[in-house]
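Mapping of the sequence shown onto this note's numbering: residues 1 to 473, in sequence order.
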Amino acid sequence: MVYSPDGKADYKEIVSSARAKRDTSLAKVKPKLQGIPDKLPLNCQGLPKAILTPRKIEITENYSFTELLALLQERKIIVEEVTRAFLRRAALAQAATNCLVDLMWDEAIARAQHLDSLPEPKGLLYSLPISTKEHHGMVGENITTHALFVTWIGKAYGSNLLYDTLYNEGCIFYARTTQLQTIIHLETNSVIYRRTVNLYNRNLTSGGSSGGESALLGIRRSILGVSSNIGSSICCPVAYISIYSFKPTLKHISVMGGRAPMAGKASTPGPITWDGVVQPHPPMTRALKEVAAACWKVGMEVVDWDCEPLFHDKAWEIVSALYWPDGGQETLQLMEASGEPLCTRRDDYRAVYARAWINTGNQDGREVDVILCPLSFGAATPYDQLRYWGYTAYWNLLDYPAAVFPVTTVDPNKDPKDTSYVLKNAQDKFIYKIYSPEKYTDAPVSLQIVGRRQYNEKVLTVLTEIEYTLGRK
């Protein structure tokens with residue numbers, strides 16, 4: 001170990017040890033992946049079919065979560081074969097997007113062999129491969145949890161209650177994924193593992209802080225991933241990769257055993273045409289209109305939700321302060337808890353929003369069921385340009401559940417820049433300037449459904465109805 005003059009270990013050497021551990025796990029892939037181009041294409045969606053065998057493609061692409069689970073539980077497919085297929089795809093995902101902290105090759109195969117040896121399937125998630133975000137604690141030989149803080153590298157942390165439950169139900173953990181250092185931003189980049197990129201366009205971000213999970217899931221190297229959410233850490237990454245997510249009400253799922261600074265931060269393990277602060281980019285507005293029209297067509301009542309009187313700019317101010325209730329001191333010491341006045345402002349704003357929602361039923365007694373709204377101002381951004389995430393952070397401040405679903409992709413012919421648009425403020429100006437339809441071509445565009453506090457099941461029910469409306473199963 002190399003030490004600096006002040007007696008502290010050289011961070012570069014510690015970082016190298018973490019990268020070496022990851023690379024060692026990837027080197028266990030047998031047989032070695034062949035045919036990965038030295039210069040990767042901008043869009044890596046087609047990479048699996050060029051590298052993997054037809055059988056591996058069948059296992060990892062042809063089945064939904066429930067379909068694969070049924071095959072495993074009915075023993076129509078060998079657990080170890082499925083596990084090896086997903087391990088290989090995860091290794092390929094790492095090559096394409098830089099999304100892994102650890103490929104759990106030995107642990108996953110040993111677990112698969114054990115489950116194959118049982119006289120009968122056991123557990124609701126019997127043999128299902130699941131990937132996890134690194135800062136969630138996990139126990140096992142040579143497994144550490146550092147949350148991408150160099151000072152925690154090499155230090156074991158303990159188990160995560162949710163993961164213990166999933167494991168007891170028979171799942172197989174096979175990959176741990178990257179996140180942002182400090183875990184509060186909508187990109188995934190760190191001094192340890194560098195940047196995780198978007199599989200649809202490697203010049204765009206994969207989102208954050210759960211960008212590793214979204215990259216792995218989006219390129220179908222995982223069928224189910226577990227993440228966490230404080231601002232938009234679940235919602236935005238999955239939207240940028242054209243997959244689905246659900247962020248329930250706070251504490252609906254235990255986060256005990258997750259490692260991060262400021263443990264008291266409110267976090268969840270997850271039509272408004274605009275929010276009155278930042279105007280969405282043209283493809284986002286188009287997606288909203290298309291889904292609203294489809295809902296109208298099948299008889300759903302769609303009403304406008306006017307959020308300007310609800311001062312979403314004030315919500316952004318409050319939630320931004322809550323991200324760093326101690327001014328960032330604890331995080332800086334690693335690279336305190338919030339004060340009562342901040343929570344008071346949060347609760348006052350929650351009361352205002354709750355009254356506004358209830359008042360939607362004043363005329364006919366029928367309150368709005370859910371809100372259909374943009375997931376972000378647009379599709380995934382170029383690196384280091386994601387400076388506003390109010391479209392998801394508001395709902396975290398309110399503790400409203402939200403489900404994200406893909407709608408379309410950016411099409412320069414359909415989504416030209418509005419050159420006549422009048423800018424509203426500095427935030428709006430920045431977001432407007434970064435949009436170029438050519439730069440965003442083919443980037444996924446998603447929307448979200450938001451419900452009132454504790455109405456988790458209603459949000460998922462409405463999502464199901466909208467999926468049917470859009471012609472999906």
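Ideal placement from N, C-alpha and C gives every residue a C-beta, glycine not left out.
{"Asked": "Tyr423 to Phe405, Cα distance in whole Å?", "Found": "In the sequence under discussion, the amino acid at residue 423 is Leu, which differs from the Tyr named in the question. Their backbone Cα atoms lie some 29 Å apart in a straight line."}
{"Asked": "Would you decide whether Asn198 is buried or exposed? Buried here means 16 or more other CB atoms lie within 10 Å of its CB.", "Found": "buried"}
{"Asked": "Whole-angstrom Cβ separation of Ala443 and Lys247, contact assumed at under 8 Å?", "Found": "Actually they do not touch by this definition, with Cβ atoms about 22 Å apart."}
{"Asked": "Does Ala239 pass the burial test, meaning 16 or more other C-beta atoms within 10 Å, or should it be called exposed?", "Found": "buried"}
{"Asked": "Measure the C-alpha to C-alpha separation of Lys458 and Ala287 and round it to an integer number of angstroms.", "Found": "22 Å"}
{"Asked": "Which class does Cys373 belong to by DSSP, given the choice of helix, strand or coil?", "Found": "strand"}
{"Asked": "From the DSSP secondary-structure annotation, give me the bridge partner or partners of Ser446.", "Found": "Pro406"}
{"Asked": "From Asp102 to Cys171, what does the alpha carbon distance come to, in whole angstroms?", "Found": "17 Å"}
{"Asked": "Count the other C-beta atoms from every protein chain shown that fall within 10 angstroms of the C-beta of Pro269, then say buried if there are 16 or more, exposed otherwise.", "Found": "Any reading at Pro269 must be qualified, since the residue scores a pLDDT of 29, below 50, and its modelled position is unreliable; the value itself is stated next. So Pro269 counts as buried."}
{"Asked": "Any contact of the region 296–305 with the region 381–400, i.e. 3+ C-beta pairs under 8 Å?", "Found": "no"}
{"Asked": "Could you give the distance in angstroms between the alpha-carbon of Gly451 and the alpha-carbon of Leu186?", "Found": "23 Å"}
{"Asked": "Use the C-beta contact count for Arg472: other C-beta atoms within 10 angstroms, 16 or more gives buried, fewer gives exposed.", "Found": "exposed"}
{"Asked": "In three-state terms, what does DSSP make of Ile130?", "Found": "strand"}
{"Asked": "In or out: Asn456 buried (at least 16 other Cβ within 10 Å) or exposed?", "Found": "buried"}
{"Asked": "Could you check whether the region 52–60 touches the region 82–89, counting it as contact only if at least three pairs of C-beta atoms, one from each stretch, sit closer than 8 Å?", "Found": "yes"}
{"Asked": "Based on Cα-Cα distance, which residue from Arg202, Val291, Gln385, Asp418 lies nearest to His281?", "Found": "Asp418"}
{"Asked": "At 4 residues or longer, and completely inside the region 282–311: list those alpha helix (DSSP H) runs for me, N to C.", "Found": "282–297"}
{"Asked": "Is Phe246 helix, strand or coil by DSSP?", "Found": "strand"}
{"Asked": "Cα separation between Val445 and Pro374?", "Found": "9 Å"}
{"Asked": "Buried or exposed for Gly211, going by 16 or more other Cβ atoms inside 10 Å?", "Found": "buried"}
{"Asked": "Could you give the distance in angstroms between the alpha-carbon of Ile192 and the alpha-carbon of Ser206?", "Found": "17 Å"}
{"Asked": "Determine the closest residue to Asp415 out of Asn396, Tyr400, Lys439, with distance taken between C-alpha atoms.", "Found": "Lys439"}
{"Asked": "Over the uninterrupted alpha helix (DSSP H) stretch that includes Leu71, give me the two end residues.", "Found": "65–73"}
{"Asked": "For Pro341, I'd like the list of residues in its chain whose CB is within less than 7 Å of its CB, leaving aside the five on either flank, ordered along the chain.", "Found": "Because the pLDDT at Pro341 is just 32, under 50, the model does not fix this residue reliably, and the value given afterwards should be weighed accordingly. Excluding positions up to five away in sequence, the list is empty."}
{"Asked": "With a cut-off of 8 Å, do at least 3 Cβ pairs link the region 38–51 to the region 66–77?", "Found": "no"}
{"Asked": "Using only alpha-carbon positions, find the residue among Leu460, Phe377, Ala292, Lys49 that is nearest to Asp428.", "Found": "Phe377"}
{"Asked": "Helix, strand or coil for Val79, going by three-state DSSP, please let me know.", "Found": "helix"}
{"Asked": "Just checking my contact of Leu92 with Ala175 at CB under 8 Å: how many whole Å lie between their CB atoms?", "Found": "Going by Cβ atoms, the distance from Leu92 to Ala175 rounds to 12 Å, so no, they are not a contact pair."}
{"Asked": "Given a cut-off of 8 Å on the beta-carbon distance, is the pair Gln179 and Lys133 in contact?", "Found": "yes"}
{"Asked": "DSSP has Arg176 in a bridge; who is on the other side?", "Found": "Asp102, Thr132"}
{"Asked": "Which of the three DSSP states, helix, strand or coil, is assigned to Val486?", "Found": "Shown here, the chain extends from 1 to 473; a query on residue 486 therefore has no answer."}
{"Asked": "When burial is assigned at 16 or more other CB atoms within 10 Å of the CB, is Ile78 buried or exposed?", "Found": "exposed"}
{"Asked": "When you compare only the Cα positions, how much space is there between Arg355 and Ala380?", "Found": "34 Å"}
{"Asked": "Please report how far the alpha carbon of Tyr468 lies from the alpha carbon of Thr408, in whole angstroms.", "Found": "16 Å"}
{"Asked": "Please report the straight-line C-alpha distance between Ile241 and Ala96, rounded to a whole angstrom.", "Found": "14 Å"}
{"Asked": "Where do the ends of the alpha helix (DSSP H) carrying Ala434 lie?", "Found": "A small correction: the amino acid at residue 434 is Ile; Ala does not occupy that position in the sequence shown. Looking at the DSSP string, the run of the alpha helix (DSSP H) that includes Ile434 is 426–434."}
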